[in-house]
Structure formats: C-alpha cells, structure tokens
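Residue numbers (our numbering), protein chains in the order written: chain R, 1 to 212; chain D, 1 to 212; chain H, 1 to 212; chain G, 1 to 212. Taking it in order: structure first as structure tokens, then the write-up.
4 protein chains.
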Amino acid sequence: MAKRPQARIGRPPSSSAVETRLRIISVAAELFARQGYGIVTNKDVAAAAGISTGALYYYFSSKLEMYLAVYWTLQTRVDEAIAEAMGSQKTFDGRFRAILEVAHSLNAQEPHIAQFLGTARVDRIRHPELQDAIPSPPGEGARIMDELIEGAVETGEVIPKRRKQVEAVLQTIFVGLVDSQSDDLGRHRQAVDGLLALLDHKLLLPAKREAK
Amino acid sequence: MAKRPQARIGRPPSSSAVETRLRIISVAAELFARQGYGIVTNKDVAAAAGISTGALYYYFSSKLEMYLAVYWTLQTRVDEAIAEAMGSQKTFDGRFRAILEVAHSLNAQEPHIAQFLGTARVDRIRHPELQDAIPSPPGEGARIMDELIEGAVETGEVIPKRRKQVEAVLQTIFVGLVDSQSDDLGRHRQAVDGLLALLDHKLLLPAKREAK
Amino acid sequence: MAKRPQARIGRPPSSSAVETRLRIISVAAELFARQGYGIVTNKDVAAAAGISTGALYYYFSSKLEMYLAVYWTLQTRVDEAIAEAMGSQKTFDGRFRAILEVAHSLNAQEPHIAQFLGTARVDRIRHPELQDAIPSPPGEGARIMDELIEGAVETGEVIPKRRKQVEAVLQTIFVGLVDSQSDDLGRHRQAVDGLLALLDHKLLLPAKREAK
Amino acid sequence: MAKRPQARIGRPPSSSAVETRLRIISVAAELFARQGYGIVTNKDVAAAAGISTGALYYYFSSKLEMYLAVYWTLQTRVDEAIAEAMGSQKTFDGRFRAILEVAHSLNAQEPHIAQFLGTARVDRIRHPELQDAIPSPPGEGARIMDELIEGAVETGEVIPKRRKQVEAVLQTIFVGLVDSQSDDLGRHRQAVDGLLALLDHKLLLPAKREAK
DNA sequence: CATGAATGAGTCTTCATTCAT
DNA sequence: TATGAATGAAGACTCATTCAT
C-alpha cells in the first residue's frame, strides 16, 4: 500500500510552509486530474489552496514546476505500490493479478491518482514543455515492464518470441484501465474481475453452435 | 468595428468552397489529433490550410463547430468500418477478431483517425462545450457494444452474469489500443496479434514450476 | 494559453485599488458620454486611465460591468439631486422650476453626467445586454415622474384627464434638454430660462396682427 | 405631406437597378433607425435587401455612402413636409402648431423616419466620419428655425431679446419629441396634444392653494 | 511568507472591404 | 449586375507571471 505522506516527527522549522506546499500539491492533483494541465489556471489552484496566485510562486518557480511536483508525488506512490506487489509474487500470473488488485485498491483509496496519471500521459503529448520533463513510459514503468516480462520468460509463461506482443497487450490493458475505467470504481472493479476471469478462461467460452 | 481595412485581396483565383472545406477538416483533424481542442488555435488551422483565420468563419460558425465537423467525419468513417466488420461475422469471437483487424487497418490507412478519437474522449471531459455536443460512448459505440455482447450471450460465449465484466474489459481494450498504441503502427500490430494470441490461449502459458 | 510572458513589471509603486477604480470610472464616464458603449474600446479606457487593458479586468469582470458601474455612479448623483429639489418644493410649478435649476447646475459642475445619461438611453436601445441591466425610465425617473404628476393633480395644477399629456410633455422636455443642450452650457442656460419664461407666459406672446 | 418616391413614368433603362437601390435604402433606413450606424452590418442590410454584401458595393462605394444616401432621402422628405407646413401659416403660433401636426402625421405614416433622424443625430456625434458628412442642425433645420423665429419677431410673438431662448426651447422640444416619443405613436400624440394645450395655457394651471 | 495590483502576449471572433468569376 | 470566397485589422477577454509592499 502507498505510504501516506505524514509530517515527520521532530522537525519544527517552518512547518506551516511545508504544510502549505503539501496542500497545494494535493489540491492541484485533484484539479489537474479532472481538467488537465492546460485548463487548470494558477488562480484555480491558488483559490482551492486558500492562497493568492502570487504565493504560488514562493513554492514553485512556475506552473510547470508545480505540475511536475504533483506528477512525481503521485507517480512515486504508484511505483512503490507496484514494486511491492511485484515483490510479493514470483510468477507472471501472480504478479499480474497482484498489480491489477493494487491498481484497484489505489483507485479506491485515492481516485484522482489514476485520473491524474492518465491525464498526464495525454498532457505530455500535448504540451512540449511536459514532454521534456516527464518520462514516456511513466516513472518506473519501463523497468517494471521489463522485470515482469523477463520473469515470465524465465518461468516459461511467455515464450521469447512473444515478448513484444505481451508488452503491447499489457500497455494496452494498463492504459485502458486508467483511461476508461478510473473515473468509476464500480466499473473499474468489473474490468479487473473481467480481466482475471479472462486469464482463467472463464470470461469467454467457445460458441455452442454457429447462429444460422 | 473594423476601421478602414484597405484590403489587398478578394477572392483568390480558382478556389472552390467544397475543396477548401475538406482541406480545413483534413488539416484540423491532424492538428486536433496531436494537440487537442484547447491547444490548437484557429491560427494554427488557418495556416495549415493556407487561409486566414477570418476565412475559417466562412466555413464554420465557431471553433467548436469546426471541431465537431472533424469529429463526425472521422467517427462516421469508423462506425461504418466497424459495422461492416460486425456484419461479416456471427460469433463474438469472429466479430472481436474482425474489429481488431479493422482497427488496425484503419490505423494503417489514416493514422490520425484513432489519435483524434482518443484525444476527443479526453477533450470531451475537459471542455464542457464538447460534452454537450459529443456522445459519450462515441458514435455508434453504445449500439455496437450492445449487439456484440447480446450476440455473445446468444451463442453461449458469454454467460449472462458476466455481461458487465465483458463490457468493461472490451472498453478497456479498445480505449487502451487507441490511447497507447495508435501512434506507432508496428506496436499496434504487436498489440493486435498479442490480443488474438490471448484469445487462443497462446500468449500466456502456465508456469513450468515456481521459481524459488 | 499565454506562453511565456516574461513580464517586465508587477505592482507599480504607490498605487491604491480604490483610487484606480475611481479613476477608471471617471475617464470611462467621459469616453462613454462622448462616444457611447459600442465605440469606446477597452483600450481607450485603459489608455485614458493609464493602465493596461488587462488591468481593467481586475476591477470589472467585463466591459458591461464597467459601463454599469459608471451608469449607477452618475445616475445616483442625479437621483439624489432631483430628490432634494423635489423635497424643497410643494407645488408642481415650484418643483419643475427646481428640477430645471438642478439640471442646469449639475450640468455646470459635471458636464458629462447629462451627456452620459443621454447616451445611455440610446445605448440601452441598441445593446440588448444593456437593456436587461438598465431600467428604462432611468434610475428613480419613474417614481419621480409619478410623484411630480400626482402632486400636481392634488394641487389642482393638472387636471386628472391631462395626466398622460403632462407626462409626455415632461419626458419630451427632459430628454430634449439632455440630448440637445447638454453639450453647451450657455445654450443650456438659454433653454432653461426659455422654459421658465414659457411657464410665466412671457416667452410667447399673442401676435399683434396677422401678417398678410 | 411627404411625396412618396415613385418610379418615374417613361424611364425604362436599367429600371431594376434603380429599384434595387431604392430597396436597399428602404431596408437600410429601417435597420439604421432601430440600431444605429455602428451596429448594423453590411451583411444585415444585404440580407434584408435580398442581395449579397458584394452587390452593395455596386450601389454604394462604402457603408458610409449608403448611410448618407439614407440620410438625405429621409431628411429631404422631412424638410419638404416642414416647408409646406411653414408656408401654410403666417404666425409663429400657427406655424408651430402646423409643424407639430406634420411631425405627428409623418410619424404615423413612416415611423422609422423620425427614429432614423434621432439616431442620426447621435451617430453623427459618435462617428467622426459622419460628423464631416452630415450638417449639425440637420437638413434645412437651421434655415427653418431662422425663418420661424424672425417671423415671430415680426408678428410680435417673440421679443427680440428672447430670440436665443425661443431657439433653445424649440430645439429642446423637437429633439425631445423625436428622441423620446417617436417609438410609440400613442405617446407621441399625447406629447403633441400636451404641447398644444401648453400653448393654450390649459396644460398647467395655477395651484389652488399651497399644501401645508 | 503572502498579497494584490499590474502587464502583455495571445485567444476567439467580427466585419468592412476586395476581387475573380 | 451579382455572387461568394477571402482578407486583415481590430475588439473583448484570459492568464502566467512579476514585483512593491
């Protein structure tokens, strides 16, 4: 599970500033998640955080920096959660199921994380400034994907020739989950359960007979 | 009011309204596909079409109308292609495979169609004006999904209780394909082949033995 | 979205929002008085107030709001002056004379008040936005007219049957004064004196004899 | 009474062009009367006349020229009507009454004439281009005013010293009538009747007694 | 730490005017 | 005569950013 950011004990100096910064990141995350980089204005964020637009510039040198702060905060949380899920399992099958469950429980706890990261993938393409500042398979994504597939090859669950196909299918599924299901927890659950059933060959059965 | 324009040019030689309109839609489709509704400016579109921003308003009453013209043009193309694919097959399995192939060949022919429609899904959420003007499962999407699933229940390929799961999984896969693979035809092919292999139980095999 | 403004200046030294707002209203009053709502541009007002067009929106949410601020500022001044004049007299004759004098002295003090309000009557008809925001007999006009005429009926200066005629004549005179004389104080004085003489039956005398 | 413009008998060449020109002037008059020079667009006029904006430029070299054509057409009609009214009477009293009646019957026949000319007085002030092209006491106004007052001095109805006052009062009344009453024929009648009663000392009577 | 007054570039949109046909 | 495709300047308004206080 993702660790919730807590004020560290025994660190009094300028604690209100730290709190304000965290508050900004938190409200900005929600706003960016819903509306994207281009549409959210500094004024929106400032108002939601209860400060003035000028004050924003004390904490971040630009709108872009603020966005990146949000990005790394959330992406780190996701990366940690996935790393934990990966570590707990050895087979591809186990890991994939664990990741799906982690994705769902993150979504249940903090819905705007997935929404933000889905949005970020789009904004990255749209805004050149973001393109240079955000990695394309996001966060640890590339490393995790590698580990997942290489592990699967080792266990024999994936034959080497199909590496690329598996990678593309996994990307498709993960992006699809984030982009099309993360705004509704119930549907997200259906999608996760459906995918698990698909792995068990229970979702799609052979046709009884051809319709005339 | 414009003061004294002293314009330099009137109607350019040999220009046809129909052609110009199509040219605008075509270049706008590409720009919107890459950058989205909010970021593409009228100036961008006009420049790409080789006309002035004012001329845009001769063809469309607003930026929104122009966007919608692009949307319906492309969405119609997709709907027709999918309807054809659906009609050629009776089983869910056959239909699903046909749709994947259609998706791929559309992508091969006109790459920005999928990019635009993926983008449109996001823009629809971000821009209230679009929300009112664009259907949420896009185009004929809702009807097609229904037909696909009800057909599958009739052939016994999907048990009634799993309807919702199948729907969510299909959404996940279709959105994932569009959003994560449509910018690279090679990867898109891998994804389609991977998904077909997944249906055949060839993509993911049981683990030989548990790694320690 | 604005790209990278690299602005040159922030808050100018020694500036007060209240003062700036008043300055804007004052210069806008003069401009609107002379040229009307449609012709005065935000740029004109901003330049006259010594600020940028953007700054205008710090004080008013739209050009319309700015116009209304001017309107109510001036209309209130007029309503108060007329109310005072009305209160000081009991007869219609006294009140009418008092109002004419008030009109003249307001004109002497702040010439653009009458010009603006004359202009506003026209702009109200031409611009639907204004129609909804400005009352048609302006300000307290309707109430004052009523009080004036009902008082006159009570004192016997107007017979009940002629109420409508008196109202129409008063409207004609007041509007005529504002529209045709308020741009020249000398002529305005002549008009006021002429009207007073008319009441005294001194302006127009019977013809000595019929010219052939 | 104003002569209605009729197609002259026996003048066939390019008669449709003449008709079109007249039609443009007629619809433009109505539009300008209601909305003023600045707000009416060439497109509005063209649409109302059933032609294209381009065609407008065959008949008038600019929007300004078109406006002036309307102005002189209407102003001439008014001047002629007033001249006729003036000629029929010798005393100031008779002439004034006759002018009021002419004003009213013109208003009854072609309501937008007065509306246009009222509007034109305002537009003249607002648009520098019009200022140079339209005379300030409109049309024959200056000459008529002179004749009216000099006649009154000769008949003894106005003493020489009050010339300016009478002029200012007449301007006030004529402008007031046009600006405040010409949009409603009933009210216009009330105003005219009220003014006639005022001349007869029947509109305003002495107060019976002072209210306490 | 924070505010709030201000900027100016950039957005969508309108409109008188032009000119090939 | 007339159309209709096109221009470009100008208008209202937005927004990231700056800076005196």
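From the three backbone atoms N, C-alpha and C, an ideal C-beta is built for every residue, glycine too. Keep in mind that this is a model prediction, so the values were computed, not measured.
> Thinking C-beta only, is H/Ala133 closer than 8 Å to H/Leu68?
Replying inline: Yes, the pair counts as a contact, with Cβ atoms nearer than the cut-off.
> Relative to chain G, which residues along the region 73-107 of chain H have a C-beta separation below 9 Å, given in chain order?
Replying inline: Residues passing the 9 Å Cβ filter: Lys90, Thr91, Phe92, Asp93, Gly94, Phe96.
>> Just to confirm the assignment, what range does the alpha helix (DSSP H) spanning H/Arg21 have?
In response: Counting along the chain, the alpha helix (DSSP H) containing H/Arg21 begins and ends at 17-35.
>> Give me the subset of the region 111-131 of chain G whose CB atoms are less than 8 Å from a CB atom of chain H, sorted by chain position.
In response: For the region 111-131 of chain G, which is checked against every Cβ of chain H, the residues closer than 8 Å are Thr119, Arg121, Val122, Ile125, Arg126, His127.
> Under 7 Å Cβ-Cβ, which residues of chain H neighbour G/Lys43?
Replying inline: Correct list: empty, because the minimum Cβ distance to chain H is about 17 Å.
>> If contact is defined by three or more beta carbon pairs under 8 Å, each pair taking one atom from either stretch, is the region 110-120 of chain H in contact with the region 70-88 of chain H?
In response: Touching, per the Cβ criterion.
> Which word fits H/Ala49, buried or exposed, when buried means at least 16 other C-beta atoms lie within 10 angstroms of its C-beta?
Replying inline: Using a 10 angstroms sphere on the CB of H/Ala49, the tally of other CB atoms reaches 16 or more, which defines it as buried.
>> Contact criterion: CB-CB distance below 8 Å. Does R/Arg8 meet it with respect to chain D?
In response: Here the model assigns R/Arg8 a pLDDT of 39, short of 50, so the residue's position is not dependable and the matter cannot be decided.
> Under 8 Å, do G/Ala197 and H/Arg162 count as touching if we go by C-beta distance?
Replying inline: Going by C-beta atoms, G/Ala197 is nearer than 8 Å to H/Arg162.
> Under 8 Å between the Cβ atoms of H/Val18 and H/Leu31?
Replying inline: Taking 8 Å as the Cβ cut-off, H/Val18 and H/Leu31 do not qualify as a contacting pair.
>> Suppose the cutoff is 7 Å on Cβ atoms and the five residues either side in sequence are ignored; what does the same chain contact list for D/Ser180 look like?
In response: Around D/Ser180: no qualifying Cβ.
>> 8 Å is my cut-off, CB to CB: does G/Leu64 come that close to chain H?
In response: Cβ-Cβ to chain H under 8 Å: no for G/Leu64.
>> One question on the structure: do D/Glu137 and D/Ala120 come within less than 8 Å of each other, judged by their Cβ atoms?
In response: The sequence shown places Pro at residue 137 of chain D, not Glu. Their beta carbons are not under 8 Å apart, which means D/Pro137 does not touch D/Ala120 by this criterion.
>> Under 8 Å, Cβ to Cβ, is there at least one residue of chain D near R/Leu203?
In response: For R/Leu203, the answer is yes, since a Cβ of chain D falls inside 8 Å of its Cβ.
> Is the Cβ-Cβ distance between G/Val78 and G/Ile25 less than 8 Å?
Replying inline: Contact: no.
>> Just verifying my parser: in three-state terms, what is the DSSP assignment at R/Ala207?
In response: R/Ala207: coil per DSSP, three-state reduction.
> Ends of the alpha helix (DSSP H) at R/Val158?
Replying inline: Neither: R/Val158 is in no alpha helix (DSSP H) and is coded neither H nor E.
>> Check whether chain R comes within 8 Å of D/Thr162, counting only Cβ atoms and requiring the distance to be less than that.
In response: The sequence shown places Arg at residue 162 of chain D, not Thr. Yes, its Cβ sits closer than 8 Å to a Cβ of chain R.
> Mind checking G/Ala29: buried by the 16 CB within 10 Å criterion, or exposed?
Replying inline: Here G/Ala29 is buried. Its C-beta has 16 or more other C-beta atoms within 10 Å.
> What whole-angstrom Cβ distance do R/Glu157 and D/Ala207 have, given they're in contact under 8 Å?
Replying inline: Contact annotation, R/Glu157 with D/Ala207: C-beta distance approximately 5 Å; criterion of less than 8 Å satisfied.
> Is the CB of D/Gly176 under 8 Å away from at least one CB in chain R?
Replying inline: Closer than 8 Å: yes.
>> So the candidates are D/Arg34, D/Asp193, D/Ser182, D/Val169; which of them puts its Cα closest to the Cα of R/Lys202?
In response: Checked all of D/Arg34, D/Asp193, D/Ser182, D/Val169; the closest Cα to R/Lys202 is D/Val169.
> On the premise that D/Gly36 lies in contact with R/Arg126, defined as a C-beta separation below 8 Å, what is that separation, rounded to the nearest angstrom?
Replying inline: Between R/Arg126 and D/Gly36 the beta-carbon gap is near 5 Å, inside 8 Å, which marks them as a contact.
> Relative to the C-alpha of H/Leu195, which residue among H/Asp93, H/Ser62, H/Ser88, H/Thr53 is closest?
Replying inline: The alpha carbon of H/Leu195 has as its nearest neighbour, out of H/Asp93, H/Ser62, H/Ser88, H/Thr53, the alpha carbon of H/Asp93.
> With a CB to CB cut of under 7 Å and the five nearest residues on each side skipped, what residues in its chain are close to H/Gln131?
Replying inline: Apart from sequence neighbours up to five positions away, the residues of its chain that approach H/Gln131 with a beta-carbon distance below 7 Å are Arg124, ordered along the chain.
> Among D/Thr172, D/Val178, D/Asp146, which residue has its Cα nearest to the Cα of R/Val178?
Replying inline: Nearest C-alpha to R/Val178 among D/Thr172, D/Val178, D/Asp146: D/Thr172.
> Looking at the structure shown, is G/Phe60 part of a helix, part of a strand, or coil, going by DSSP?
Replying inline: It is coil, neither helix nor strand.
>> Quick check on the burial criterion: 16 or more other C-beta atoms within 10 angstroms. Buried or exposed for H/Glu101?
In response: Classification of H/Glu101: exposed, given that the 10 Å Cβ count is below 16.
>> Using the Cβ count rule (16 or more neighbours within 10 Å means buried), how would you classify D/Glu167?
In response: Counting C-beta atoms within 10 angstroms of its own C-beta, D/Glu167 has 16 or more neighbours from the protein chains shown and is therefore classed as buried.
> Who are the Cβ neighbours of H/Gln6 in its own chain at under 8 Å, not counting the five residues just before and after it?
Replying inline: Residue confidence for H/Gln6 is low, a pLDDT of 40 falling below 50, so the modelled location carries little weight; the figure read from the coordinates is stated next. So no residue of the chain qualifies.
>> Comparing C-alpha positions only, which one of R/Ile144, R/Val27, R/Gln115 sits nearest to R/Gly87?
In response: The candidate whose alpha carbon is nearest that of R/Gly87 is R/Ile144.
> Do you know whose CA, among H/Ala103, H/Ala85, H/Ser52, lies nearest H/Leu185's CA?
Replying inline: The shortest C-alpha separation from H/Leu185 is found at H/Ala103.
>> Less than 8 Å between CB atoms is the rule here; does G/Asp146 satisfy it with respect to chain H?
In response: No - not a single Cβ of chain H is within 8 Å of the one on G/Asp146.
>> At the 8 Å Cβ level, is R/Arg187 part of the contact set with chain D, yes or no?
In response: At least one chain D Cβ lies under 8 Å of R/Arg187.
>> If we define contact as Cβ-Cβ less than 8 Å, is G/Asp193 a contact residue for chain H?
In response: The Cβ of G/Asp193 sits closer than 8 Å to at least one Cβ of chain H.
>> Within 10 Å of its beta-carbon, does G/Gly54 have 16 or more other beta-carbons around it, so buried, or fewer, so exposed?
In response: Only exposed fits G/Gly54, as fewer than 16 other CB atoms lie within 10 angstroms of its CB.
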